[in-house]
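Taking it in order: structure first as structure tokens, then the write-up.
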Amino acid sequence: MDLYEHQARQLFAEHGVLVPRAEIADSPGVARDIACELGGRVVVKAQVRTGGRGRAGGVRLAEDPDAAERVAREILGMTIGGHPVRTVMLAQPVDIESEFYVSYVLDRAAGRFLAIASAEGGTEIEEVAAARPEAVARVPVDPAEGVTEEKAAEIVRAAGLPPRTAGVLARLWQVLTREDALLVEVNPLVRTTGGQLVALDGKVSLDDNALFRHARWSGRETPHDDPLEAAAAARGLTYVRLDGEVGVIGNGAGLVMSTLDVVAGSGARPADFLDIGGGASARVMSDGLSVVLSDPGVRSVLVNVFGGITACDTVAEGIVAALDTVRPAKPIVVRLDGNNAARGRAVLTDRAHPLVHQAATMDEAARLAAELAHTS
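The working numbering puts the first residue of the sequence shown at 32, with every later residue one more than the last.
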């Protein structure tokens, strides 16, 4: 469960990490009242669970309550990365001397956590890591030992952070472990001109399997800002919207992730992805195709299914059913392999829909989907 920024900062504050005073508004009038309470000059921040808010104009400084009302009116109703903005957070600005990046993330492959930190916060950490990988420290953390004073000092030294950051690292580790989080990120963590270390922005992803241990979250359905994500969730499907042009449908997280990589390697960008899971029925396949084709950013669709529990002829029947109900206007590339693959290909061949193309391999399918996305 991904938290909004204002929810993440609430956890930070409860565990002793300094955050600027802030309140949430769902209307321009309320934003104006809050700005008055906070002293007039505020930062207005869109509350959506996606990145790129600053570049999209969703984070802006307002010099007085009138400006806060006007800015809130402009931000509320925006769509950022496919996420509609329904609330804004108004926060007191701080005088920044320097900015840092710190996070803890679960390293599933290694079976431990990883501390990622940099003395160059405030920017996209991925860009910093790509341009200057030596500027981003990665320090393994044994979950049984946790972030002790010695481990915090090790992270500080590796990233070149101020020594006092060690205390913040220890408190953020408490957020991670006591709240059953899989990700805790602060970017930027700033040192103010007054010498305080303050978390200006943060992300927290909670472990859904542990929500029952936390009364404030248990019983809540995971909110979906994106209407397509909500529609997919209502049908029991896992769907994530991205910002490319090729829609991806697969069965199983591993195959879906591999397909995203192959699409990217073919010169296109995934627009979204949807996992129909194992043993998917024709109805599930039809529902999934309907959701992906509803994404206006999708210019072609790649269906990549390896039949195990899932039978490829069932998938093909679902595609044919969707063709009759959704009436797609975008090309669909289908790669079927495994259980009943020959029968599935025959179903599609018999239907002979002009927008459905078949491919023998994942690489061939990805290249064709990329080509069609660029030419359709």
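Positions of the beta carbon are idealized from the N, C-alpha and C atoms, including for glycine.
This one's a predicted model, so the numbers in the text were calculated from it and none came from an experiment.
- Between Leu320 and the set Arg358, Met32 and Thr290, the nearest pair of CA atoms involves Arg358.
- Secondary structure in the stretch 171-223: the beta strand (DSSP E) runs of 3 residues or longer, each lying completely within the stretch, are 212-223 in chain order.
- Taking C-beta separations shorter than 6 Å and ignoring five residues to either side along the sequence, the partners of Ala347 in its chain run Gly375, Val378 and Leu379, following chain order.
- Residue pairing of Asn335 in beta bridges, as defined by DSSP: Gly281 and Arg366.
- With contacts defined by Cβ atoms closer than 8 Å, Val217 and Gly198 do not form a contacting pair.
- Here Ser407 is exposed, its C-beta having fewer than 16 other C-beta atoms within 10 Å.
- Annotation: Ala404 to Val364 spans about 11 Å, alpha carbon to alpha carbon.
- In this structure, the alpha-carbon of Arg84 lies about 15 Å from that of Ala122.
- Asp303 is a Cβ neighbour of Asp326, given a cutoff of 8 Å.
- The Cβ neighbour count for His114, taken over all protein chains shown within 10 Å, is at least 16; the residue is labelled buried.
- Taking a cut-off of 8 Å for Cβ pairs, the stretch 98-105 and the stretch 62-76 touch, as three or more such pairs fall below it.
- Judged by beta-carbon spacing, Asp394 lies within the 8 Å limit of Val293, meaning their Cβ atoms are closer than that value.
- For the options Pro59, Arg244, Tyr132 and Ala383, the alpha carbon positioned closest to that of Val215 is the one of Tyr132.
- For the pair Leu305 and Tyr270, the CB atoms are nearer than the 8 Å cut-off.
- When DSSP assignments are scanned along the stretch 104-161, the uninterrupted stretches of beta strand (DSSP E) that are 3 or more residues long and fall wholly within it turn out to be 119-122, 127-138 and 143-149.
- The DSSP-derived three-state label of Val322 is helix.
- Looking only at Leu228, Pro385 and Leu367, the smallest Cα-Cα distance to Ala396 is reached by Leu367.
- In this structure, the straight-line span from the alpha carbon of Val48 to that of Ala311 is close to 45 Å.
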